[in-house]
Amino acid sequence: MKNFLAHSRSYILRGLIAIIPILLCVLAIQLLYVLIDKKIMGFLDNFIEIRQIPGLGIVLVLMCLYLIGLIVSNIVGHQLFRFIEGITRRIPLINTIYGIGKQLSQSLSVADSEKQAFQKAVLVKIDNNGLMVPGFLMSSLTNPKTNEDFSFVLVPTAPTPASGFVLVVKSSQIVDPGWTVEECLKAIVSVGIISPKEFKK
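Under the numbering used here, the residues of the sequence shown are numbered 947 to 1147, in order.
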C-alpha cells in the first residue's frame, strides 16, 4: 500500500510539473484576450463598426507599440518623452507611479539586443573559496605601470536587474561560463530558479 501511495504521489507530482507551464500559457492567453483584445475592440466599437475577430485587438496594440518604438527611436520622439517625463516629476503621486514604471521598463530594456551594452555574461570570483557572483562585462582597461588587465563588471541585484553596482576587478578574477546574456539575466531575475545547467566553456 505504501509503495502504491509513493508511486501515485510521484507520478501525480510529475504530471503537475508537466502541466503547470501549459496552464500558465492558457491563462496568459485568456488574460490577454479578456483584458486587451475585448477592451480594445469594445472601445473602437464606440467610434467605428469593426468585425469582431479574435486577436485583432492584440494585433492593433502591437502595431501601436511598434509605431511608438519608431517615434521614440528618433530625436524628436526622444525629446517629446523627456518633456512628458519632466511634467510627471512635478506631480507628487504621478511621479511615484512613473518612477516605478520607468524602473520596470529599464529592467526590460536590459534584454534589448539592439541596446545591449554588455559584452558577455561572466562570473566574478569574490574569494578563494569558490564564491562567485553573476554579472555582465562592460569594458576592460590596462594599468600601464603593472600591465595588469582590469574589467568593469555590472553586478545586478535580484530580482530587478535594472539596479546593481559596478565592480572593477582583475581580469583573472573573471570566469567565462559560456552563457548568453539572456540566460544569465533569466537566472538573476528568477533568483536562480531558471538557470543554465552547466558551464559551456
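A virtual CB, placed ideally from N, CA and C, is assigned to each residue, including glycine.
A residue is called buried once 16 or more other Cβ atoms fall within 10 Å of its Cβ, and Cys971, having fewer, is exposed. Per the C-alpha coordinates, the member of Asp1122, Gly1124, Phe1096 positioned closest to Val1112 is Phe1096. In the DSSP assignment, Ala1067 falls within the unbroken beta strand (DSSP E) covering 1066 to 1071. The C-beta distance from Val1121 to Leu1039 rounds to 46 Å, too long to meet the 8 Å contact threshold. Just measuring C-alpha positions, the residue of Trp1125, Ala1104, Glu1128, Ser1118 sitting nearest Ile1134 is Ala1104. Look at Ile1030 here: in three-state DSSP terms it is helix. Where Leu1006 is concerned, the enclosing alpha helix (DSSP H) starts and stops at 1002 to 1019. Each residue's CA atom was taken as its position, placing Gly1124 and Thr1034 some 42 Å apart. Partner residues in the beta bridge of Met1078, as assigned by DSSP, are Lys1071.
Minimum Cα-Cα distance from Ala1067 among the listed residues Ala974, Phe1082, Ser954 corresponds to Phe1082.
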